[in-house]
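Asker: Sharing a structure below in structure tokens format, with a few things to ask.
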Amino acid sequence: MSEALSNLLREDRRFPPPAELAAAANVTKETYAEADADRIAFWEKQARRLHWDREWDEALDWSKAPFAKWFVGGRINAAYNCLDRHVEAGNGDKVAYHWEGEPGDTRTITYADLLREVSKAANALTELGVRAGDRVAIYMPMIPETVVAMLACARLGAPHTVVFGGFSASALRDRIQDCDARIVITSDGGYRRGAPSALKPQVDQALTECPDVRNVLVVKRTAQDVEWTEGRDLWWHEVVDKQSDQHTAEFFDAEQPLYVMYTSGTTGKPKGILHTTGGYLTQVAWTHWAVFDVKPDDVYWTAADIGWVTGHSYIVYGPLANGVTSVMYEGTPDTPHRGRWWELIAKYGVSILYCAPTAIRTFMKWGEDIPAEFDLSSLRVLGSVGEPINPEAYVWYRTYIGGGRTPVVDTWWQTETGGIMITPLPGVAEGKPGAAMTALPGISAEVVDDAGNPVPNGAGGYLVLTEPWPAMLRTLWGDDQRYIDTYWSRFEGRYFAGDGAKKDDDGDIWLLGRVDDVMNVSGHRLSTTEIESALVSHPKVAEAAVVGATDPTTGQAVVAFVILRGSAAESGEEAAKELRNHVASEIGPIAKPRQILVVEELPKTRSGKIMRRLLRDVAENRELGDVTTLTDSSVMELIRSNLSTPG
Ligand code: WTA
């Protein structure tokens with residue numbers, strides 16, 4: 005980390021905001037001062053950008069910390085704020101989504117269209133017995149019905165849990181079971197890399213162990229053959245299309261659960277991050293407007309999957325709450341050609357693009373000639389999220405995608421934070437490639453040392469959040485104690501994010517990656533423990549250790565060291581292949597190790613803890629660090645001599 009750090013701090017390129025953008029920016033320097041003067045009043049003002057059926061009595065109740073309540077006593081409906089109020093204000097004809105399927109089919113959906121579809125879906129869910137508080141699982145490709153399903157749930161006060169379509173049947177099963185969802189919304193499949201890929205079989209498999217699920221609503225997207233369980237499975241078009249397109253939204257308490265999103269933690273069991281309604285919507289709506297400097301005629305595109313928090317906050321809730329026009333794209337960036345994103349930007353006149361550094365590094369690899377073939381002059385703000393953006397990728401993004409004009413906002417946040425927390429503002433900050441810069445107005449962040457004391461400028465430590473914020477997770481679904489232990493115990497009274505960070509000489513924040521056993525692969529969070537558990541669940545594996553090794557494209561890559569059981573040890577190469585597939589079927593293809601190294605021993609401390617730091621050195625082909633705490637330092641030699649084993 006220290007080498008990476010000193011490289012970062014040698015970065016001295018600076019990009020001031022474009023004068024025209026700064027002059028008309030939604031947020032200015034004064035906003036920081038305003039929020040500093042009264043943080044709570046600042047958030048109350050942002051909450052008033054939304055429609056409340058009844059205003060709150062108290063903005064923040066922190067009396068039972070770390071369990072927060074925001075806008076106590078207020079009554080609100082998220083779907084009403086995303087749809088009805090825009091239609092009622094006369095903006096029903098405004099496009100909510102320019103949706104583009106991977107094969108090139110398109111749908112233009114206005115706010116009025118979306119309201120009608122969501123109303124029908126809400127009526128259908130009501131007919132299926134869904135009531136406020138019931139959980140609904142959504143396992144879908146990137147199609148408009150995914151948004152419709154989420155908002156229909158929100159409208160009814162029924163928290164949704166969207167499971168990324170790339171997750172396996174077992175991952176889906178675990179999530180359905182953990183939050184006890186009784187209804188699953190899915191589709192026959194979606195298009196990926198030029199071919200239909202199936203989703204329904206995973207649902208069928210998952211549900212063999214979820215007896216309480218009473219109905220599966222299936223959207224027909226690819227028209228591929230599906231297995232059908234009579235009485236349980238229902239076609240979306242048969243149940244939803246016949247419903248009335250009128251539905252009166254009920255207003256719920258500000259703390260009504262809006263959704264549960266599962267994310268990897270440091271143990272094998274995924275954590276169900278609970279977000280509620282009023283504070284979440286306030287922060288995602290305000291941050292979307294402030295950080296991207298969104299104007300009424302912008303065309304906004306978050307190129308991420310709705311199955312992740314980025315999609316929830318900045319494809320669905322933020323942009324819709326702000327009444328903005330978005331692009332939504334179903335497929336991969338290289339189908340049918342490597343210029344697909346740039347073609348979409350030119351076609352729809354996208355003015356704001358938000359994506360992950362891993363995508364940018366992939367485009368760098370493909371070369372700047374590809375975007376150069378398209379007219380990208382509509383772009384005015386670029387955003388980055390999900391992992392540290394290295395300065396080279398930042399500058400490439402700004403130069404070849406942004407035409408050297410556009411600010412790049414490097415936004416730090418987490419599933420847990422619900423919305424953006426640390427970022428430069430495009431009309432205010434002088435951009436520093438690689439720096440997430442400063443906490444937003446109304447947000448309090450600090451970098452602290454081991455003992456919890458703030459570090460001086462120029463030093464590194466751990467990122468903590470020192471005050472509650474509106475979109476913060478409220479707890480882990482069904483596990484208050486784990487919520488306290490995971491986030492609020494490391495540093496008394498402060499939220500520990502799990503990230504390392506550094507303050508530069510100006511006091512600006514640079515993120516340095518996770519300090520726990522969580523990996524970040526292509527902007528996706530994966531737990532080393534979860535993959536280790538998947539590996540040892542295979543009969544051939546005696547022991548496994550997983551590390552995230554630096555990878556030029558994906559940021560980190562999964563590298564697994566496994567000890568095979570006696571007789572299996574003969575066929576290392578074959579076993580490695582089998583194990584990669586096993587991990588894909590246990591968790592999902594995104595968790596597949598890049599490399600599996602079959603070894604005879606693993607390096608451990610005297611207390612028996614696997615020394616992942618050493619394994620990371622091996623995986624990254626670095627010189628070995630200090631091995632004196634190993635029980636037997638020859639283990640590392642054994643590992644090295646096995647490095648020839650292909651993954
Ligand atoms: C990392 C995604 C550096 C970080 C919104 C965090 C980042 C984890 C950045 C959360 C950034 C996210 N710079 N690192 N701009 N944004 N991260 O929950 O390690 O999928 O803890 O949320 O991604 O990932 P999650």
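The sequence shown begins at 5 in my numbering and counts up one residue at a time.
Cβ coordinates follow ideal geometry from the N, Cα and C atoms, glycine included.
Keep in mind the model is a prediction, meaning the values are calculated, not measured.
Out of T114, V550 and A93, state which residue places its alpha-carbon closest to the alpha-carbon of D521.
Answerer: The count along the sequence shown starts at 1 and reaches residue 521 at position 517. Checking every option, the nearest Cα to that of D521 belongs to V550.
Asker: Between the Cα of A63 and those of A307, G282, E347 and M265, spot the shortest distance and give me the residue it belongs to.
Answerer: Counted from its first residue, the sequence shown places residue 63 at position 59. Of the candidates A307, G282, E347 and M265, the one whose C-alpha sits nearest the C-alpha of A63 is G282.
Asker: Under 7 Å Cβ to Cβ from L262, same chain only, skipping five residues before and after it: list those, please.
Answerer: Within the sequence shown, the letter at position 258 stands for residue 262. Within the same chain, L262 has close Cβ partners A82, A158, P163, H279, T280, T281 and Y284.
Asker: Whole angstroms is fine: what's the gap from K351's alpha carbon to K299's?
Answerer: Walking along the sequence shown from the start, residue 351 turns up at place 347. Walking along the sequence shown from the start, residue 299 turns up at place 295. Cα to Cα, the separation comes out at about 19 Å.
Asker: Sorted by chain position, which residues of the same chain lie with C-beta nearer than 6 Å to P395's C-beta, five sequence neighbours on each side aside?
Answerer: Residue numbering aside, residue 395 sits at position 391 when the sequence shown is read from its first letter. So the qualifying residues of the chain are E15, P437 and G438.
Asker: What's the C-alpha gap between A51 and E59?
Answerer: In the sequence shown, counting from the first residue as 1, residue 51 sits at position 47. In the sequence shown, counting from the first residue as 1, residue 59 sits at position 55. About 10 Å.
Asker: Could you round the C-beta distance between V519 and G497 to whole angstroms and report it? I think they count as a contact, below 8 Å.
Answerer: Residue 519 sits at position 515 when you count from the first residue of the sequence shown. Residue 497 sits at position 493 when you count from the first residue of the sequence shown. About 19 Å separates the two Cβ atoms, so there is no contact after all.
Asker: Taking only the alpha-carbon atoms, compute the straight-line gap between H599 and M144 and give it to the nearest angstrom.
Answerer: As a first step, residue 599 is located in the sequence shown; it is residue number 595 there, counting from the start. As a first step, residue 144 is located in the sequence shown; it is residue number 140 there, counting from the start. The identity of residue 599 in the sequence shown is Gln, whereas the question assumes His. Rounded to the nearest angstrom, the two C-alpha atoms are 29 Å apart.
Asker: For A41, count the other beta carbons within 10 Å of its own beta carbon; 16 or more makes it buried, fewer makes it exposed. Which is it?
Answerer: Within the sequence shown, the letter at position 37 stands for residue 41. Its Cβ having fewer than 16 others within 10 Å, A41 is exposed.
Asker: Where Y115 and W103 are concerned, what is the direct C-alpha to C-alpha distance, given to the nearest angstrom?
Answerer: Counted from its first residue, the sequence shown places residue 115 at position 111. Counted from its first residue, the sequence shown places residue 103 at position 99. Rounded to the nearest angstrom, the two C-alpha atoms are 13 Å apart.
Asker: Run the CB neighbour count on H341, radius 10 Å, all protein chains shown included, and call it buried at 16 or more, exposed below.
Answerer: Taking the sequence shown and counting its residues from 1, the one referred to as residue 341 is at position 337. Its Cβ having fewer than 16 others within 10 Å, H341 is exposed.
Asker: Using a threshold of 9 Å, state whether the C-beta atoms of G105 and I147 are closer than that.
Answerer: Mapped onto the sequence shown, residue 105 falls at position 101. Mapped onto the sequence shown, residue 147 falls at position 143. In this structure, I147 lies closer than 9 Å to G105 by Cβ.
Asker: Where does T533 fall in DSSP's three states?
Answerer: Stepping through the sequence shown from its first residue, residue 533 is reached at position 529. Three-state result, T533: helix.
Asker: Determine the contact status of D192 and V223, defining contact as a CB-CB distance below 9 Å.
Answerer: Here residue 192 corresponds to residue number 188 of the sequence shown, with the count starting at 1. Here residue 223 corresponds to residue number 219 of the sequence shown, with the count starting at 1. Against a cut-off of 9 Å, the Cβ pair of V223 and D192 comes out as a contact.
Asker: Please report the Cβ distance between V413 and V385, rounded to the nearest whole angstrom; I am assuming they are in contact, meaning their Cβ atoms lie under 8 Å.
Answerer: Here the question's residue 413 lines up with position 409 in the sequence shown. Here the question's residue 385 lines up with position 381 in the sequence shown. 7 Å between Cβ atoms; contact.
Asker: Mind checking whether N219 and I187 have CB atoms under 9 Å apart?
Answerer: The residue given as residue 219 occupies position 215 in the sequence shown. The residue given as residue 187 occupies position 183 in the sequence shown. Yes. Within cutoff.
Asker: In this structure, how does DSSP classify Q209 when only helix, strand and coil are distinguished?
Answerer: Taking the first residue of the sequence shown as 1, we reach residue 209 at position 205. Of the three classes helix, strand and coil, the one that applies to Q209 here is helix, per DSSP.
Asker: Flag E420 as yes when its Cβ comes closer than 8 Å to any non-hydrogen atom of the ligand WTA, and as no otherwise.
Answerer: Against the sequence shown, residue 420 aligns to sequence position 416. The answer is yes for E420.
Asker: What runs of the alpha helix (DSSP H), each 4 residues or longer, lie entirely inside the region 388–445?
Answerer: Fully enclosed alpha helix (DSSP H) runs of 4 or longer: 395–400.
Asker: Using the Cα positions of L118 and L87, report the straight-line distance between them to the nearest angstrom.
Answerer: Stepping through the sequence shown from its first residue, residue 118 is reached at position 114. Stepping through the sequence shown from its first residue, residue 87 is reached at position 83. Near 7 Å, if we compare the C-alpha coordinates of L87 and L118.
Asker: With distances taken from CA atoms, which of F296, V562, F256 and M615 is nearest D57?
Answerer: The residue given as residue 57 occupies position 53 in the sequence shown. Per the Cα distances, F256.
Asker: Where do the N-terminal and C-terminal ends of the beta strand (DSSP E) with S330 fall, by residue?
Answerer: As a first step, residue 330 is located in the sequence shown; it is residue number 326 there, counting from the start. Here the beta strand (DSSP E) through S330 covers T329 to Y333.
Asker: Distance, Cα to Cα, P21 vs K613?
Answerer: One-based indexing of the sequence shown puts residue 21 at position 17. One-based indexing of the sequence shown puts residue 613 at position 609. Going by the C-alpha atoms only, they are around 48 Å apart.
Asker: Nearer than 8 Å: is that true of the beta carbon of E536 relative to any heavy atom of the ligand WTA?
Answerer: On the sequence shown, residue 536 is found 532 positions in, with the first residue counted as 1. Flag unset: Cβ of E536 not near the ligand WTA.
Asker: So, at 6 Å on beta carbons, what are the nonlocal neighbours of G315 in its own chain, with the 5 sequence-adjacent residues on each side left out?
Answerer: Counted from its first residue, the sequence shown places residue 315 at position 311. Hits under 6 Å: A308 and D309.
Asker: Tell me whether the beta-carbon of A156 lies closer than 9 Å to the beta-carbon of A125.
Answerer: For the purposes of this step, residue 156 is taken as the residue at position 152 of the sequence shown. For the purposes of this step, residue 125 is taken as the residue at position 121 of the sequence shown. Contact: yes.
Asker: Could you check what DSSP says for M368 in three-state terms: helix, strand or coil?
Answerer: In the sequence shown, the residue the question calls residue 368 occupies position 364. If DSSP states are grouped into helix, strand and coil, M368 belongs with the helices.
Asker: Does C214 come out as helix, strand or coil in the three-state DSSP assignment?
Answerer: As a first step, residue 214 is located in the sequence shown; it is residue number 210 there, counting from the start. C214 falls in the coil class under three-state DSSP.
Asker: Select from F495, A443, R17 and A475 the residue whose C-alpha is nearest the C-alpha of Y466.
Answerer: Looking up residue 466 in the sequence shown gives position 462. When each option's Cα is compared against that of Y466, the closest is F495.
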